[in-house]
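Note that the first sequence covers residues 1195 to 2063 in the numbering used here. No residue lacks a Cβ here, since even glycine has one placed at the ideal position from N, Cα and C. From a predicted model like this one, the values you see are computed outputs, not experimental measurements.
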Amino acid sequence: MQNLDEFLSEPVNNQKISEKRKAKSESNEPNLKKEIIENNAKSFLLGVGYDGDKGLAYAKLYDFKSDKIVLWFDDTGHKPYCISDQPIEVLEENKDLVSHSGFDHFEEIEKYDPITDSQKKMTKIVARDPLSIGGRPIGCIRDIIKAWEADIRYAENYIHDRNLEIGMPYEVKDGKLIPSKFELPDSILADLEKTLEDELDEFKKLSYNWARLLECPVPEFMRASIDIEVYSPIETRIPDPNEAEYPIICISIIGTDDFRQVLLLKRENIPEESESISLDADIIFFQTEKELLSYFFKCIGKYPIIVTFNGDDFDLRYLRNRAQSLDFEKEQIPIELGRDYATIRKGIHLDLYRFFFNRSIQVYAFGQKYREKSLNEIGSSLLNVGKKEITKPISELTYSELAIYCYRDAEITINLTKFDDSLLIKLMILLARISYMDIEDVTRQGVSGWIRSMLFHEHKKRNYLIPRQDEILEFKGRTVSEAIIKGKKYKGAIVVEPTPGVHFGVSVLDFASLYPSVIKIWNLGYGTVNCPHEDEECKNNKVPNMSHWVCKKRKALESLLIGSLRDLRVNFYKPKLKDPNLSDNMRSWYRVVSDGLKVVLNASYGVFGADRFALYCPPVAEATAAIGRYVIQNTIDKAQSLGIHVLYGDTDSIFFESSDQMQLKNLIEWSKNSMKLELEVDKEYKYVALSSRKKNYLGVYSDGKVDIKGLTGKKRHTPKFIKNTFYEMIDKLSEVESKEEFEKIKGEIKNIVKKCYLKLKNREYSLEDLAFSIVISKSPERYTKTTPQHVKAAQLLMEKGIDIKRGDLITFVKVVGETGVKPVSLASINEIDSQKYVEYIDSIFDQVFDPMDIDFQELIGATKLEKFF
DNA sequence: GCGGACTGCTTACCT
DNA sequence: ACAGGTAAGCAGTCCGCG
């Protein structure tokens, strides 16, 4: 494959492609599907499962010829196992073990143990089935003896042991599963080589492998979204999918092949409508629910991939259980349920809710574009299309209303996978490649699961023993620093005391991926921090200001893996994205790669301090943070010795008065030479307004763009009327070019705030304008220690019979009287406590007035005088 | 019995 | 179920006060 660019420009490859798209695809040669077949890549590996009846692992392959998922069953005789440190002779004495029904045989093996830095003779205990190792509530092999690698899911183990690359092209030849050749294009190879000049061979090898995975083009996959509606006799209650008590009255299916159907159940007492339903879809009525479901199951059978929004917990679960209670045979229902997931037999189910719920995805991949995780909110913010509004309960809708409502949900769902050139699917594939994880698992697990899988894969590839969690803790000891926040395990980052005032000409420098860089440069990992070597070389290699030391003899896997990913992002993909010659298709793919790497890198330090992480190692996290503090403090000290004025800093960034660009250059040089860390100019502000508060500033670029960080005026819960006033003020501030102009607009800003104050006093704002909106993060009854205001408001709503769940957004206003607050829906405008609101305005604008030397009290005091005259 | 000082809880944010 | 650090508001408690 030489021309990656052309592959990426390939349009949807479908058999039932619409006429319009067909024309487009013909004009758009070469065809990726054709190319892939010519290159013997007939399919893509999307995941691995285990078939309990056959007792075999199987690969799920997306076959391009048929656009179906094809299963390939293991032919290598791979079996579930765990590992013991006892020799076979000893284990043979263990009656419970050798007589266990799932026990198969022992094998003598050798493993490298990173904790002790030694080769170890160990015994592989091979079992007949995965559940015998672990998974049953009692009597598993891992409960009988102390075992290693015993709680890795079998399918995951299979991926690692067979070194399978999920999301990459494969083919089945003579019954064997073999990877299709995909080599890095020469041009990419040459570019990459340049960035890797000074690295160790081991590091280079890893980097090339990553690049091969990241550069392989991602084709389009045929898929369909589904959404169901269920009848409910009680309007406020959502039917329980485990009971599946009530009939499914509507199902929408939308395929990427332009298949669009809405299936409706005929019911009594639903008025016939004279006009036909106006939807760009086939509407099909069914007399019985059984007919409807049969038809539906046939429809989705065509699709290799089904996407839903919350299908794990609702749609698929309901469908399966409902079909069962309608006496469908098990084989007739193409849905399989797990404890907390649902999937399609011979298919892939992607639950977008699960993926969007993931905080890393929300924050780093989508930049907080959506705040709540509802289909309406996500659809509105990413597609500009929200759910269809309905004013009646589902069960009372007419056929037409019901069809339109249900269809819209399916439409948003499928479009979420299609927008921005199928960005979402590409992101999932990318994460599957980095983590060597089944694509369904990628969407369901968090970033710690991905990183765990990536590290496990590398362990197995190198025949390293994967340590037990208790082992790491026992050998590596605890943390030695004290956190500033009560209840935290160790000390974190430094935040520099800001210099209050309005500063013109500010450069912000930061370390590119500071923590991943530290992990790379300092060779951090559970095997290297506090390594077992007795000699001085290691023990003297202290983490600054700390008793921990770092190994000088061995390379940590974490350091190599995280380091190589970091370098690829910083030295390769980020510069490529800045290249004006990059084509649109490549740019969009590189954006995905860069964002995917960002997600993984941003979490790569935190996982070592998370006690549920499989390779939890507090000293690694603590050392990383400590080195981070050392680095930024050293840099600040150096800057001051160079005479550069430091205004503020946080973790990995420093704000400088940028009078002397030459000096900043010197600082960057110094950082590279003395600490091997890349310090770079991140932002240049026309001016920055700093109050005395940390994590709280306003920065204006020369083009007028404004960064607002931490200011309450921007926060989600702030009432609309204050937000609007706040942004009116920001608009004014964005125009300011100099100190002199600044003085001039002060009056205008005062007027803006004064206007707001007067409108409030005259009760000209609506309840919606005045509403605070705060997420209730726990179920209301679980607030036992205190009753915060939003919980009080929630309680008032519950008294009215409204159901409040955790995660709901509570909107309330401050009122005079006992409770102090009332939900918007229950309050009236004349009970508003305007005094409280004045205090609130004061506090919000003080964050900006403080550096500007404006006095709020004086401002409203003046107002009173004016009114007087 | 009351108000100010204090601590702790909660949410939303920053890196 | 990636981490720790900070701001802010409010709830609840303690303490002094002839």
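{"Item": "Cβ-based neighbour list, Glu-1665, same chain, cut-off 8 Å, excluding 5 preceding and 5 following", "Value": "Ile-1309"}
{"Item": "Delimiting residues of the alpha helix (DSSP H) encompassing Cys-1732", "Value": "1730-1733"}
{"Item": "Residues near Asn-1734 in its chain [Cβ-Cβ closer than 8 Å; skip 5 each side]", "Value": "Trp-1743"}
{"Item": "Residues bridged to Met-1316 (per DSSP)", "Value": "Ile-1303"}
{"Item": "Whole-angstrom distance between Ile-2004 and Ala-1965, CA atom to CA atom", "Value": "9 Å"}
{"Item": "Under 8 Å between C-beta atoms of Ser-1973 and Arg-2000", "Value": "yes"}
{"Item": "Gly-1299 classed as buried or exposed, judged by whether at least 16 other C-beta atoms fall within 10 angstroms", "Value": "Per the sequence presented here, residue 1299 reads as His, with Gly not at that position. Looking at its Cβ environment, which holds fewer than 16 other Cβ atoms inside 10 Å, His-1299 is exposed."}
{"Item": "Residues near Ser-1782 by beta carbon distance below 6 Å, same chain, minus five either side", "Value": "Asp-1615"}
{"Item": "Counted within 10 angstroms of its Cβ, other Cβ atoms place Val-1140 as buried (16 or more) or exposed", "Value": "Since the displayed the chain opens at 1195 and closes at 2063, residue 1140 lies outside it and no answer follows."}
{"Item": "CB contact flag (Gly-1541, Pro-1498, <8 Å)", "Value": "yes"}
{"Item": "Reduced DSSP category for Pro-1224 - H, G, I as helix; E, B as strand; rest coil", "Value": "Its pLDDT being 36, under 50, Pro-1224 is placed unreliably in this model, and the value from its coordinates should be taken loosely. Looking at Pro-1224 - three-state DSSP - the assignment turns out to be coil, as it is neither helix nor strand."}
{"Item": "Rounded distance between the beta-carbons of Tyr-1658 and Lys-1305, thought under 8 Å", "Value": "7 Å"}
{"Item": "Arg-1514 versus Phe-1550 - alpha carbon distance", "Value": "24 Å"}
{"Item": "Rounded C-alpha distance that separates Leu-2053 from Lys-1938", "Value": "16 Å"}
{"Item": "Coil, strand or helix - Cys-1276 by DSSP", "Value": "strand"}
{"Item": "Segments assigned beta strand (DSSP E), at least 3 residues, entirely inside the segment 1890-1918", "Value": "1891-1894 and 1900-1903"}
{"Item": "Beta-carbon proximity list for Tyr-1512, same chain, < 8 Å, skipping 5 on both sides", "Value": "Ile-1422, Val-1424, Pro-1433, Pro-1435, Ala-1438 and Ile-1442"}
{"Item": "C-beta contact flag for Leu-1265 and Lys-1248 at 8 Å", "Value": "no"}
{"Item": "Coil, strand or helix - Val-1882 by DSSP", "Value": "strand"}
{"Item": "Check whether Ile-1447 and Cys-1493 have beta carbons under 8 Å apart", "Value": "yes"}
{"Item": "The segment 1585-1602 contacting the segment 1752-1766, beta-carbon criterion three pairs below 8 Å", "Value": "no"}
{"Item": "Euclidean distance between Cα positions of Gln-1983 and Phe-1920", "Value": "24 Å"}
{"Item": "Cβ shell of Pro-1738 (< 7 Å), same chain only, five flanking positions each side left out", "Value": "Ala-1820, Ile-1821 and Tyr-1824"}
{"Item": "Pro-1384 burial status per 10 Å Cβ neighbour count (16 or more: buried)", "Value": "Checking the displayed sequence, the identity of residue 1384 turns out to be Ala instead of Pro. Exposed, because fewer than 16 other Cβ atoms sit within 10 Å of the Cβ of Ala-1384."}
{"Item": "Nearest to Val-1814 (by Cα), restricted to the options Thr-1906, Ser-1554, Lys-1870 and Met-1740", "Value": "Met-1740"}
{"Item": "Terminal residues of the beta strand (DSSP E) in which Leu-1459 lies", "Value": "1454-1459"}
{"Item": "At least 3 beta-carbon pairs within less than 8 Å: the segment 1883-1892 vs the segment 1687-1699", "Value": "yes"}
{"Item": "Completely contained alpha helix (DSSP H) runs for the segment 1507-1577, where each covers 4 or more residues", "Value": "1510-1519, 1546-1551 and 1569-1577"}
{"Item": "Per-residue burial, Pro-1769 [other beta carbons within 10 Å of its own, 16 or more giving buried]", "Value": "exposed"}
{"Item": "Cβ shell of Asp-2044 (< 6 Å), same chain only, five flanking positions each side left out", "Value": "Ser-1885"}
{"Item": "Secondary structure of Asp-1773, DSSP reduced to three states", "Value": "coil"}
{"Item": "Sheet register partners of Phe-1850 (DSSP bridge)", "Value": "Ser-1701 and Val-1840"}
{"Item": "Sequence ranges, alpha helix (DSSP H) only - wholly within the segment 1657-1695, length at least 4", "Value": "1663-1670"}
{"Item": "Simplified DSSP state of Asp-1298, which is helix, strand or coil", "Value": "strand"}
{"Item": "Alpha-carbon to alpha-carbon, Asp-1345 and Arg-1785", "Value": "35 Å"}
{"Item": "Alpha-carbon spacing of Asn-1463 relative to Ser-1419, whole angstroms", "Value": "30 Å"}
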